[in-house]
Amino acid sequence: MCGIFGIVTDKEQTLGPILIEAARRLTYRGYDSVGAATLNGKSIDLRKDTGRVDEVARQYNFAEMTGSRGIVQLRWATFGEPSQVNAQPHLDSDGDLVGAHNGNVVNNFELRQEFMAEGLTIRSQNDGESCVHAVERYVNKGYDFLDAIRLAYGDLQGDYAFVIGKVDDDRLYAIKKGSGLVVGLGVGFTCLSSDLPSILPLTRQIVRIQDGEIITLWADRVELRSVKDGKVIRREPEIVTESMDAVQKGGYPHFMLKEMHEQSQVAREVLHMLAGSHELQGVIEKMRTARNLYFIGCGTSYHACLSGAVAFAQIAGRVAIPVLAPQFLPQYLPAVNHEDVGVFVSQSGETKDVLNALQAAEARGMTAYGLANVIGSTLTKATVCSLPLCCGYEISVPATKTFTNQVVTFLYLAYRLAEKDTAELDRIPDLMDETLKMVASQVAVIATEINQWNDMYCLGYGGTYPMALEGALKIKEITYTHCEGMLSTEFKHGPLSAVTDKFPILFIVPPDDVPLILSGINEVTCRGGRAIAIGEEDSRLRANASELIVLPKATPQISALLAVLPLQMLSYHISVMRGFDPDFPRNLSKTLTVD
Ligand code: F6R
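According to the working numbering, the sequence shown is numbered sequentially starting from 1.
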């Protein structure tokens with residue numbers, strides 16, 4: 001997730017150290033490139049490259065940068081690989097405007113074509129550059145600067161926040177549409193940022209910006225206007241009293257909880273991104289005509305592959321083979337050829353097991369696509385096309401938002417393959433928020449009640465089977481409890497013997513399969529076990545299960561996706577109750593680059 005910071009001061013001065021520190025305080029968001037620009041009324045000084053903040057700042061001597069206004073940006077690649085030219089900020093064609101954004105402009109490709117046809121100078125593939133040209137085109141047509149920004153807002157589709165300055169001016173301007181943006185008010189300066197950590201060391205007086213607002217910053221004041229009608233909006237500043245640590249976690253006690261609550265927003269972003277992708281149709285056609293289609297990953301990403309295979313078969317009637325990456329080599333590699341297509345799924349894009357499978361598959365001629373969160377990672381470079389997960393940085397070791405966006409992406413691909421209207425999927429973000437609200441207090445109580453157990457099962461069927469595996473993995477990973485994920489119908493074939501009084505078993509019930517799951521539930525409850533059902537409101541489940549965690553009504557595939565949220569939440573609560581740190585479970589690492 002990129003980060004932007006901008007500052008307007010009342011005199012020309014050395015701004016470099018302020019910009020470096022602001023950038024350092026946004027690094028928790030994840031990034032691959034760093035750039036800074038200062039403006040002094042006559043010229044723009046722009047320095048940027050790929051690398052860590054301290055390295056790039058040292059190499060390009062950011063510390064000496066002077067001006068009365070400054071912008072710094074951390075880039076997390078989505079459009080265009082990590083490179084100096086794609087790093088932000090960007091200049092307009094003549095070099096008298098400079099801007100940077102945070103987020104994704106999903107019609108970047110189309111806009112670039114338009115800008116080129118209009119004779120503007122395009123230097124990179126990055127969508128941040130498109131934001132600058134989107135303003136420039138209206139300035140060239142003679143519009144006042146503020147109006148040019150308002151018109152640009154109408155052209156830039158997606159979720160982003162954008163800051164821009166022009167050389168012969170004393171202000172910075174920003175707009176917000178979907179990504180975070182906060183303004184800080186200090187003595188002799190104002191500033192803005194994607195997030196509070198870069199503002200709080202300078203001032204604790206802030207104004208939170210809403211979507212559809214355009215902001216003008218002078219050194220001594222800010223003005224908010226509605227993009228829609230240009231009218232001034234009055235909003236009193238607030239004083240932030242939270243600690244820096246709490247602020248970085250967005251007020252949540254752990255990154256995992258914060259990231260779970262970000263799931264709806266990142267789902268919205270990936271859906272926008274997929275809708276705007278010009279590469280997708282080619283990928284879909286290739287999948288349609290492939291001899292065999294493989295979905296390959298490890299751990300949580302493998303569970304997304306399983307879920308994707310269910311969605312492809314149920315929605316598009318297309319068989320896909322989900323496979324754990326290391327097993328791909330002995331089991332399938334000998335049978336692979338150039339008619340086959342593989343989707344290699346990895347949050348980090350660096351998992352050695354996945355890269356080994358990818359290398360071997362490509363050597364046999366397979367067409368390999370990637371599904372990764374870290375653009376610029378080895379996986380994204382090695383595949384013919386890689387779809388971004390658009391989750392921003394996931395700090396917590398247990399994957400949450402990257403998993404749900406992997407599942408959302410597979411669902412979207414299945415809909416497109418089936419030539420089905422994807423509008424239904426646009427409900428997912430709201431349904432996720434609704435689910436979290438509906439289950440929160442009940443899950444917290446259940447966690448207290450089953451916390452004493454060090455052995456449990458999590459069972460699913462059809463589309464909920466991958467979610468059962470994922471829920472069980474989360475519980476194992478951060479509570480250090482043995483929790484086995486299984487197909488619910490398999491439970492009677494052996495594990496049923498483990499059931500004793502109050503033994504906890506989670507049943508994730510697909511809405512269309514209630515009668516079948518009821519048998520499994522009764523086999524457990526009649527032996528004294530505690531059957532915790534997760535599913536839609538249903539009198540049969542109420543009557544037979546020990547309790548029901550209710551999910552909002554949705555299609556079977558979306559309902560399955562929603563079911564993972566209470567399981568993530570349950571694992572989180574048990575972990576915290578046991579005194580563990582869910583963000584950093586023992587013995588584990590976020591990126592597994594070893595065999
Ligand atoms: C569990 C988890 C891991 C990863 C696995 C693969 O919460 O995160 O199981 O899913 O190590 O990692 P990536 O997706 O980076 O290939």
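We put the CB at the ideal spot given by N, CA and C, even for glycine.
Separation of residue j from residue i, as counted between CA atoms
| i | j | result |
| --- | --- | --- |
| residue 518 | residue 510 | 11 Å |
| residue 598 | residue 96 | Look at the range of the chain in this structure, 1 to 595, and you will see that residue 598 is not part of it. |
| residue 571 | residue 8 | 45 Å |
| residue 308 | residue 408 | 9 Å |
| residue 190 | residue 184 | 6 Å |
| residue 537 | residue 438 | 12 Å |
| residue 348 | residue 389 | 10 Å |
| residue 573 | residue 454 | 15 Å |
| residue 56 | residue 315 | 48 Å |
| residue 578 | residue 479 | 7 Å |
| residue 74 | residue 563 | 34 Å |
| residue 414 | residue 52 | 38 Å |
| residue 318 | residue 283 | 14 Å |
| residue 140 | residue 42 | 19 Å |
| residue 178 | residue 566 | 26 Å |
| residue 392 | residue 528 | 45 Å |
| residue 381 | residue 155 | 30 Å |
| residue 254 | residue 477 | 16 Å |
| residue 471 | residue 78 | 29 Å |
| residue 94 | residue 366 | 45 Å |
| residue 128 | residue 100 | 6 Å |
| residue 554 | residue 512 | 11 Å |
| residue 268 | residue 514 | 30 Å |
| residue 166 | residue 83 | 24 Å |
| residue 462 | residue 310 | 7 Å |
Continuous beta strand (DSSP E) stretch holding residue i: start and end
| i | result |
| --- | --- |
| residue 484 | 482-487 |
| residue 104 | 97-105 |
| residue 411 | Segment 401-417 is the alpha helix (DSSP H) holding residue 411; no beta strand (DSSP E) there. |
| residue 226 | 222-226 |
| residue 456 | 455-460 |
| residue 205 | 205-208 |
| residue 536 | 530-536 |
| residue 48 | 44-50 |
| residue 213 | 213-217 |
| residue 504 | 504-508 |
Beta carbon of residue i nearer than 8 Å to that of residue j
| i | j | result |
| --- | --- | --- |
| residue 136 | residue 111 | no |
| residue 534 | residue 507 | yes |
| residue 568 | residue 474 | yes |
| residue 213 | residue 233 | yes |
| residue 58 | residue 280 | no |
| residue 431 | residue 556 | no |
| residue 270 | residue 235 | no |
| residue 60 | residue 49 | yes |
| residue 22 | residue 194 | no |
| residue 560 | residue 546 | no |
| residue 465 | residue 487 | yes |
| residue 296 | residue 343 | yes |
| residue 294 | residue 323 | yes |
Cβ-based burial, residue i [other Cβ within 10 Å; buried from 16]
| i | result |
| --- | --- |
| residue 288 | exposed |
| residue 300 | buried |
| residue 330 | exposed |
| residue 588 | exposed |
| residue 239 | exposed |
| residue 98 | buried |
| residue 113 | exposed |
| residue 526 | exposed |
| residue 159 | buried |
| residue 338 | exposed |
| residue 88 | buried |
| residue 251 | exposed |
| residue 116 | exposed |
| residue 583 | buried |
Boundaries of the alpha helix (DSSP H) in which residue i is found, first to last residue
| i | result |
| --- | --- |
| residue 515 | 514-525 |
| residue 252 | Counting along the chain, residue 252 falls outside any alpha helix (DSSP H), and DSSP gives it neither H nor E. |
| residue 326 | 325-331 |
| residue 475 | 465-479 |
| residue 127 | 127-140 |
| residue 308 | 299-316 |
| residue 570 | 556-577 |
| residue 266 | 263-276 |
| residue 20 | 16-24 |
| residue 117 | 108-117 |
Heavy atom of the ligand FMN within 7 Å of residue i beta-carbon
| i | result |
| --- | --- |
| residue 351 | By its list of ligands, the structure shown excludes the ligand FMN, since it contains just the ligand F6R. |
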